Ligand SMILES: [Ca+2]
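Residue numbers (the numbering used here): 2 to 467.
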């Protein structure tokens, strides 16, 4: 069994990794948080983004394609309206390949070349850079060891003002000084331009780019007055060339975390009034049932959502996830489920709270028993069929127990067993019958409760042989 589970887990991991986002970025900004007033670099490297002109470049909540925060650059004639990442260029300069990806929405006019990003060369000009041109084409460029511009431009004019696109820009330098480099542009996960014959003139690492000024060696959104106008989000820098599949994965949107199912005993709780609360101290919803215990809790999130925490408690005690399916919820239990979405969704925790109450004539612990042991299959001997019955009504009700023994094959009735009991508020009853099953007998047992006014009835419980 253990080996089978291991195998299943391995298969699961393999299938997940095929669709996974690469996460070995050397710097990345999702614009969801700040560190000492800088845009947090979500890699471990601490290249936090410095916004050069906060009056015209801001992080705006809700502005991104996925509803999260994005970096927004206003239409402005200001020079150097950019975010820098001090020190990143020095790391980039050691790499033989580089990928820069991100979501961008251009919102300016196509009046001049405007830069998505630039890793400047040693004199501060556009070194390794990508831009949108006046004809709405996209350009990716690198300066070679002779400071000569080598550029790759898309054949079509894909940029549409006001629309989000995902861009992945790749440079791969040659192994040897006599080799040729590669530039690739992916838009929305598709390769739209590629040149494997880039004359790098001996450049085999990005060493002649960047670190002319270590505080300004990676520029997001501007090269001088050639400023990008619009929004950007999920900008990631990799110290290698990503694969075509990875470029596709990077272009996938973050999926919001949505709780799609919260069932107790097969009944969906999400439709209940006041089920979502802002704190577990609030009252929450009340769910009325007349059959206890409710068996099993089912939780399901929307596809691809990546919640950080999810916790189920019953009467304040946390339930391990592997026990959700077997959980028994009894009358007056308080069930709270809480979760927190992926990081880009912010740090809010969502709470769902329901108190389960009994209403009407309530049937608890319906079952076939051998002494105290609840049977899951027929065991020859004297079997007790019973339930605990209670009521929320002030007036007395009468409850009838009906048990039936059938032939296992023909289904013909071989015996009928009945009992009756009176219940009212604060007065439980335990109707029961004894059923004798001989060792040679092949039969099934059914058990059912109904009140004499037919206002309430239990489910039919069936017990068969092994
Ligand atoms: Ca974001």
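Cβ coordinates follow ideal geometry from the N, Cα and C atoms, glycine included.
Just so it is clear, the structure is predicted and the values come from calculations on it, not from any experiment.
- Going by DSSP, residue 447 is part of the beta strand (DSSP E) stretching over 444 to 452.
- With a minimum length of 3 residues, the unbroken runs of beta strand (DSSP E) contained wholly in the stretch 391 to 433 fall at 398 to 408, 414 to 424.
- Residue 329 sits away from residue 389, with the two beta carbons spaced by 7 Å or more.
- In the DSSP assignment, residue 167 forms a beta bridge with 104.
- The three-state reading of DSSP puts residue 322 in helix, counting H, G and I together.
- Taking the Cα of residue 228 as reference, the smallest distance to any Cα among 376, 51, 82 is reached at 82.
- Within the stretch 315 to 364, complete beta strand (DSSP E) segments of at least 3 residues are found at 335 to 341, given in chain order.
- Contact annotation: residue 404 and residue 418 have beta-carbon atoms nearer than 7 Å.
- Residue pairing by DSSP puts residue 84 in a beta bridge opposite 52, 221.
- With respect to the 7 Å criterion, residue 298 and residue 340 are not classified as neighbours on the basis of their beta carbons.
- Within its own chain, the residues whose Cβ lies closer than 6 Å to the Cβ of residue 224, once the five positions on either side in sequence are excluded, are 116, 119, 127, listed in chain order.
- When C-alpha distances from residue 253 are compared across 205, 306, 284, the shortest belongs to 306.
- Distance from the C-beta of residue 233 to the nearest heavy atom of ligand 1 is not below 6 Å.
- Between the C-alpha atoms of residue 452 and residue 308 there is a straight-line separation of about 46 Å.
- For residue 182, no alpha helix (DSSP H) segment is defined; the enclosing uninterrupted segment is the beta strand (DSSP E) at 182 to 188.
- For residue 236, the closest of 29, 265, 21, 462 by C-alpha to C-alpha distance is 29.
- For residue 67, the secondary structure class from DSSP, reduced to helix, strand or coil, is coil.
- For residue 31, the shortest C-beta to heavy atom distance toward ligand 1 is below 6 Å.
- Boundaries of the alpha helix (DSSP H) harbouring residue 246: 245 to 251, taken from the DSSP string.
- Set against 6 Å, the gap from the CB of residue 69 to the closest heavy atom of ligand 1 is smaller.
- Residue 368 is bridged by DSSP to 387.
- For residue 345, the shortest C-beta to heavy atom distance toward ligand 1 is below 6 Å.
- For ligand 1, a non-hydrogen atom lies closer than 6 Å to the CB of residue 65.
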